[in-house]
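Heads up: the structure comes next, in structure tokens.
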Amino acid sequence: MDDGSTDNTAEIAQEVAEGWSALKIIRHKKNLGKTESMLTGANSTSKKYLVIFDADLQHSPNEIPRFLEKLAEGWDIVTGRKLGAYSKRTVSSIYNRLSRKIFNVPVSDLNSMKAFRKEILSPLTLRHDWHRFFVVLAHARGATVTEIDIDLYPRRAGISKYTSKFRILVGLLDLVSVGFLLMFSRKPLLLFGLTGFALAGLGAMVAIAAFYLRFLHPMLGFEAYIPPFGYRPLLYLVMLLEMLGFLLVGFGLVSEQVAQLRDELDNIRKQ
């Protein structure tokens, strides 16, 4: 899979493919990203199992039979746990720990060589750069996951495209996005409903406090209290909080219907 490379990768691979009928070269006209490359490769083959790894030979192709053996045992996804020194160990370790903690994924390395059944890609919606969450999303839908130890070798060719410090921030934001998706996509009313009721409750508390200060406080013999800004802003605040609260609850109910339709479409697709 050539993702718009500029170092003649596709041409060299095409020369090799001329003498090897099993090798199929797939090209993107421009660089689209690892997620798009994975999906293009998967859609271009009819094979049952897929194995993905980078072409810099940090992962050895000799590991492929071991991955296939695990898939043959019945696992849906097999990930490789890297053994050896590499430059981004600290960042990778933090990401993997957060993923295990948040998503309860039963593997310790999500950024390595992988093998999986092609069929598990069908129900997944992978956005740009979400290849790193492919295992997380599949596991959330019931895919079985295991891992094996693999050796990591020094890079033999090319340069890393993942050196920008902003990628750490992007990765964390994607982590939050995926967590939000998995937590609330099945029960959107949990988010919108709780937030809506909280705002409506806060509005009711402000209304009670304003009513007490405006009417009951003087009736009890205390000196009337008038806020510096008057009572009208409090009235507007109560109206705003109540409207937002009921709107969010309404959004939650509509979202529940959308989630129900999505589940029905997923069931139809599986059939």
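Numbering (numbering that gives the first Met the number 0), first residue to last: 0 to 270. We treat Cβ as the ideally placed atom computed from N, Cα and C, and that holds for glycine. Predicted, not measured: the structure shown is a model, and the values here were computed from it.
Residue i CB to nearest heavy atom of the ligand MN below 7 angstroms
{"i": "Glu-35", "result": "Questions concerning the ligand MN fall outside what the structure shown contains, since it holds no ligand whatsoever."}
DSSP state of residue i mapped onto helix, strand, coil
{"i": "Gly-18", "result": "coil"}
{"i": "Ile-267", "result": "helix"}
{"i": "Leu-31", "result": "coil"}
{"i": "Glu-63", "result": "Just to set this straight, residue 63 is Ile in the shown sequence, not Glu. Note: Ile-63 maps to helix in three-state DSSP."}
{"i": "Leu-171", "result": "helix"}
{"i": "Tyr-48", "result": "strand"}
{"i": "Arg-80", "result": "strand"}
{"i": "Arg-26", "result": "strand"}
Cβ distance (whole Å) where residue i is taken to contact residue j below 8 angstroms
{"i": "His-58", "j": "Phe-66", "result": "Actually they are not in contact, since the Cβ atoms of His-58 and Phe-66 sit about 10 angstroms apart, beyond 8 angstroms."}
{"i": "Leu-247", "j": "Leu-189", "result": "At roughly 12 angstroms, the Cβ-Cβ gap does not stay under 8 angstroms, so Leu-247 and Leu-189 are not in contact."}
{"i": "Val-50", "j": "Ala-114", "result": "4 angstroms"}
{"i": "Ile-147", "j": "Lys-69", "result": "6 angstroms"}
{"i": "Gly-244", "j": "Phe-196", "result": "7 angstroms"}
{"i": "Asp-1", "j": "Ile-25", "result": "7 angstroms"}
{"i": "Asp-150", "j": "Leu-56", "result": "That pair is no contact at about 11 angstroms."}
{"i": "Asp-173", "j": "Asp-108", "result": "The Cβ separation is near 18 angstroms, so there is no contact."}
{"i": "Tyr-94", "j": "Gly-32", "result": "Not confirmed; about 18 angstroms, so no contact."}
Of the residues the options, the one placed nearest residue i, counting alpha carbons only
{"i": "Phe-133", "options": "Leu-151, Arg-154, Gly-178, Leu-234", "result": "Gly-178"}
{"i": "Leu-233", "options": "Phe-210, Met-0, Lys-81, Asp-6", "result": "Phe-210"}
{"i": "Gln-259", "options": "Ser-184, Leu-70, Phe-245", "result": "Ser-184"}
{"i": "Met-112", "options": "His-130, Ser-45, Arg-126", "result": "His-130"}
{"i": "Trp-74", "options": "Ala-54, Lys-117, Val-90, Ala-41", "result": "Lys-117"}
{"i": "Thr-194", "options": "Leu-240, Leu-174, Ile-207, Leu-181", "result": "Leu-240"}
{"i": "Phe-191", "options": "Asp-2, Lys-28, Val-253", "result": "Val-253"}
{"i": "Lys-28", "options": "Thr-39, Val-15, Gly-18, Ile-207", "result": "Thr-39"}
{"i": "Ile-76", "options": "Val-144, Gly-251, Phe-250", "result": "Val-144"}
{"i": "Leu-97", "options": "Met-204, Val-135, Ala-71, Ser-121", "result": "Val-135"}
{"i": "Ala-41", "options": "Leu-120, Arg-126, Pro-153", "result": "Leu-120"}
{"i": "Ala-54", "options": "Thr-34, Gly-18, Glu-17, Ala-12", "result": "Ala-12"}
{"i": "Lys-186", "options": "Arg-261, Asn-61, Glu-72", "result": "Arg-261"}
{"i": "Leu-180", "options": "Thr-124, Leu-201, Ile-167", "result": "Thr-124"}
{"i": "Arg-126", "options": "Ser-36, Ser-92, Arg-88", "result": "Ser-36"}
{"i": "Thr-44", "options": "Ile-63, Ala-21, Asn-61", "result": "Ala-21"}
{"i": "Ile-167", "options": "Val-257, Ser-91, Val-237", "result": "Ser-91"}
{"i": "Met-204", "options": "Ser-176, Met-182, Met-238", "result": "Met-238"}
{"i": "Ile-267", "options": "Pro-122, Met-242, Trp-19, Tyr-235", "result": "Pro-122"}
{"i": "Gly-202", "options": "Gly-3, Leu-264, Pro-153, Tyr-235", "result": "Tyr-235"}
{"i": "Tyr-152", "options": "Thr-34, Gly-200, Glu-62", "result": "Glu-62"}
{"i": "Thr-78", "options": "Thr-89, Asn-110, Gly-249", "result": "Asn-110"}
{"i": "Lys-100", "options": "Val-15, Arg-88, Val-175, Trp-19", "result": "Val-175"}
{"i": "Ser-4", "options": "Glu-14, Glu-17, Gly-18, Asn-30", "result": "Asn-30"}
CB contact check: residue i to chain D, cutoff 8 angstroms
{"i": "Ser-254", "result": "The structure shown contains no chain D, having only a single protein chain."}
Next on the checklist: At 4 residues or longer, what runs of the alpha helix (DSSP H) sit wholly inside the stretch 105 to 155?
Outcome noted: 133 to 139
Checklist entry - If you pair each beta-carbon of the stretch 135 to 142 with each one of the stretch 87 to 104, do three or more pairs fall below 8 angstroms? => result yes
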